[in-house]
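Engineer: Protein chains in written order, with the working numbering: chain A, 2 to 116; chain B, 256 to 570. Virtual Cβ for every residue (Gly too), placed ideally from N, Cα, C. It should be emphasised that the depicted structure is a prediction, and the values quoted were computed from it without experimental measurement.
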Amino acid sequence: MQNSGVFYSSCFLTNKTEYSHEGYSVSTPSGLYTVLYQFDYGSDFELHVGSACRPSEGSGESVKNNAAGGSNEDTASHRVFYNTGYGGTYQTYYPGDIKNLISALKNENASSKRL
Amino acid sequence: MKKNLTVLALCGTALLTACGQEQQPPVTVAEVPGVEAAAGWTQVVREGWPEAVPREGLAKGLTLPIERYLVSYADEITFLEGRGNAEIKCMRALGFPSWRTEKLGANPPSSGSSSNMERRYGITIRSEAEKTGYHDPSESAGSTSSLAGQETPQAIAALKGKQNGKAVQALEGKPIPEGGCIGESRRQVPSPDITLAEELSGQSFTASQETPEVKAAMAAWSACMKERGYQVATVWDAANLTDPASSSSAGDVEKKTALAEVDCKQQTDLVAIWFKAEQKIQETLVAKHQDALGKARANTVAGLTAARQVTAATR
Numbered sequence: 002m003q004n005s006g007v008f009y010s011s012c013f014l015t016n017k018t019e020y021s022h023e024g025y026s027v028s029t030p031s032g033l034y035t036v037l038y039q040f041d042y043g044s045d046f047e048l049h050v051g052s053a054c055r056p057s058e059g060s061g062e063s064v065k066n067n068a069a070g071g072s073n074e075d076t077a078s079h080r081v082f083y084n085t086g087y088g089g090t091y092q093t094y095y096p097g098d099i100k101n102l103i104s105a106l107k108n109e110n111a112s113s114k115r116l
Numbered sequence: 256m257k258k259n260l261t262v263l264a265l266c267g268t269a270l271l272t273a274c275g276q277e278q279q280p281p282v283t284v285a286e287v288p289g290v291e292a293a294a295g296w297t298q299v300v301r302e303g304w305p306e307a308v309p310r311e312g313l314a315k316g317l318t319l320p321i322e323r324y325l326v327s328y329a330d331e332i333t334f335l336e337g338r339g340n341a342e343i344k345c346m347r348a349l350g351f352p353s354w355r356t357e358k359l360g361a362n363p364p365s366s367g368s369s370s371n372m373e374r375r376y377g378i379t380i381r382s383e384a385e386k387t388g389y390h391d392p393s394e395s396a397g398s399t400s401s402l403a404g405q406e407t408p409q410a411i412a413a414l415k416g417k418q419n420g421k422a423v424q425a426l427e428g429k430p431i432p433e434g435g436c437i438g439e440s441r442r443q444v445p446s447p448d449i450t451l452a453e454e455l456s457g458q459s460f461t462a463s464q465e466t467p468e469v470k471a472a473m474a475a476w477s478a479c480m481k482e483r484g485y486q487v488a489t490v491w492d493a494a495n496l497t498d499p500a501s502s503s504s505a506g507d508v509e510k511k512t513a514l515a516e517v518d519c520k521q522q523t524d525l526v527a528i529w530f531k532a533e534q535k536i537q538e539t540l541v542a543k544h545q546d547a548l549g550k551a552r553a554n555t556v557a558g559l560t561a562a563r564q565v566t567a568a569t570r
């Protein structure tokens, strides 16, 4: 993902705090139900600068430790952390920010917090 | 004022190079008074906010040099408050007198350090480990509150300046700013300029783990964990042992792991050793990038001042 110009990429969308970018588990009467986060195969999601999320390289891959950049389409800030459970160093995406992850976090993203 | 006079006097008699290396005092947000949120504008809850420096645990009192170029939680909220108020002002002008934005500050994180010091080297607070393992004790879903009811198609057009993918120039004769009211709020309240500081913070974070002293302390920590039955090379592995998506461990297992992590850190002094190594690396990085960091900090201060001014004008 370049730092300027229009791009298309597989995306993972969230508007909440994520303890782990791998996903989460829920206890159900029939056992543990695990949801794994993957970069989206599917639908077009337009980003505010004219770029968009589309099925492309990375589709179907795990989100954790596999992201190269992000776009904040929310009205709140999101912080991306190095480790699960908001551990390690972080990078802030302010509303409207569309940029690559810093070198310490590229392919080393494991959780995020919505401020 | 006295402090500045002392520095000037020193510069008068000392070598120029010594003056050049003098660290600049941190630039603080200008004294635009904070105001109580006016009714109908962005609401802010200011209770239970975390401190900027850890108050307990193995990282108590620790701050890194890069923090003066990052943003405190209070400043993050000041910024979002300004953005929210700029959005409301714009929406009202376009014919939406009851437009509301999300309440801010209601779910503050337990960590207020701008370098994430409480969890920078993994967890450091024993009482947290005991209560909630690796989870944030103040954790809530943090999802958007339900303001969906106000988002009519007309409102969205005003908010984003777009409808069905096409730009909308005006609403009932009133011109819509480019990018809608969201675009307008971004122009009125620029984001904090902290990407460079975050990048450098990331570099020192990575580099510190490669130093011989940190490697040795981590190995000692790992040996301590092994004695307790955990096969983990680094603190990152410990948190991942109970990643909710890859293990079906119950809360108790997570808590026990977290407690072992903290106790072994105490035993090996890992946090203090790691902090010292990173502090040294950061001092060099900050000195090397002083100019760029200073400029970015000035931009951040300007943005936060603008945010406060927008909010003050709602009164």
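#1: Just to make sure I have the definition right: I need the residues of chain A whose C-beta is within less than 7 Å of the C-beta of T461 (chain B). Which are they?
#2: Within the 8 Å Cβ cut-off, does P30 (chain A) reach chain B?
#3: Would you tell me roughly how many angstroms separate the C-alpha atoms of A513 (chain B) and A471 (chain B), rounded to the nearest one?
#4: Return the first residue and the last residue of the alpha helix (DSSP H) that T379 (chain B) is part of.
#5: With a threshold of 7 Å on Cβ separation, who are the neighbours of G70 (chain A) within its own chain once the five nearest residues in sequence on each side are excluded?
#6: According to DSSP, simplified to helix, strand and coil, what is E19 (chain A)?
#7: For T387 (chain B) and K510 (chain B), what's the separation of their Cα atoms in angstroms?
#8: Can you tell me the Cα-Cα spacing of V326 (chain B) and S31 (chain A), whole angstroms?
#9: Check each candidate in B:K415, B:D448 and B:P363 and name the one with the smallest Cα separation from S440 (chain B).
#10: Provide the residue span of the beta strand (DSSP E) that contains Q534 (chain B), from first to last.
#11: Can you check whether the C-beta of S72 (chain A) is within less than 8 Å of a C-beta belonging to chain B?
#12: Distance, Cα to Cα, V517 (chain B) vs D492 (chain B)?
#13: A307 (chain B) and Q298 (chain B): beta carbons closer than 8 Å?
#14: Identify, in the order they occur along the chain, each residue of the same chain with its Cβ nearer than 8 Å to the Cβ of S370 (chain B), setting aside the five sequence neighbours on each side.
#15: Using a Cβ-Cβ cut-off of 8 Å, state whether H390 (chain B) counts as contacting chain A.
#16: Where P499 (chain B) and E23 (chain A) are concerned, what is the direct C-alpha to C-alpha distance, given to the nearest angstrom?
#17: Strictly under 8 Å for the Cβ-Cβ distance: is Q405 (chain B) near chain A by that measure?
#18: Quick check on this structure: which residue in B:R374, B:P363 and B:T560 has the alpha carbon closest to the alpha carbon of P309 (chain B)?
#19: Below 7 Å CB to CB, which residues in the same chain sit around I332 (chain B) once its five sequence neighbours on both sides are set aside?
#20: Determine, for L335 (chain B), whether the minimum Cβ-Cβ distance to residues of chain A falls below 8 Å.
#21: In chain order, what residues of the region 66-95 of chain A put their CB closer than 9 Å to some CB of chain B?
#22: For N62 (chain A), decide whether its Cβ has a neighbour in chain B, counting only Cβ atoms nearer than 8 Å.
#23: 8 Å is my cut-off, CB to CB: does L116 (chain A) come that close to chain B?
#24: Could you give the residue range of the beta strand (DSSP E) that holds F334 (chain B)?
#25: In the DSSP assignment, find the unbroken alpha helix (DSSP H) run with V490 (chain B) in it and report its ends.
#26: Can you check which of these residues, A:S63, A:Y83, A:S104 and A:S113, is closest to Y95 (chain A) by C-alpha distance?
#27: Which residues does DSSP pair with N108 (chain A) in a beta bridge?
#28: Looking at S21 (chain A) and T85 (chain A), is the spacing between their C-beta atoms short of 8 Å?
#29: Just grab the DSSP bridge partners of C519 (chain B) for me.
#30: Put Q418 (chain B) into one of helix, strand or coil per three-state DSSP.
Structural biologist: Considering the structure as presented:
#1: A105
#2: no
#3: 21 Å
#4: Unbroken run through T379 (chain B): none, as it is neither H nor E.
#5: M2, K100, N101 and L102
#6: strand
#7: 6 Å
#8: 46 Å
#9: B:K415
#10: Looking at the DSSP string, Q534 (chain B) is not in any beta strand (DSSP E); the run it does join, the alpha helix (DSSP H), is L525 to K543.
#11: no
#12: 14 Å
#13: no
#14: T318, L319, I321, E322, L325 and S456
#15: yes
#16: 8 Å
#17: no
#18: B:R374
#19: V299, L359 and G360
#20: yes
#21: D75, T76, A77, S78, R80, F82, Y83, N84, T85, G86, Y87, G88, G89, T90, Y91, Q92, T93 and Y95
#22: Here the sequence assigns Glu to residue 62 (chain A), which means Asn is not the residue at that position. Chain B contact via Cβ: absent.
#23: yes
#24: First-last for F334 (chain B): Y328 to A348, but that is the alpha helix (DSSP H), not the beta strand (DSSP E).
#25: V490 to L496
#26: A:S113
#27: Partner(s): none; N108 (chain A) has no beta bridge.
#28: yes
#29: According to DSSP, C519 (chain B) bridges with nothing at all.
#30: strand
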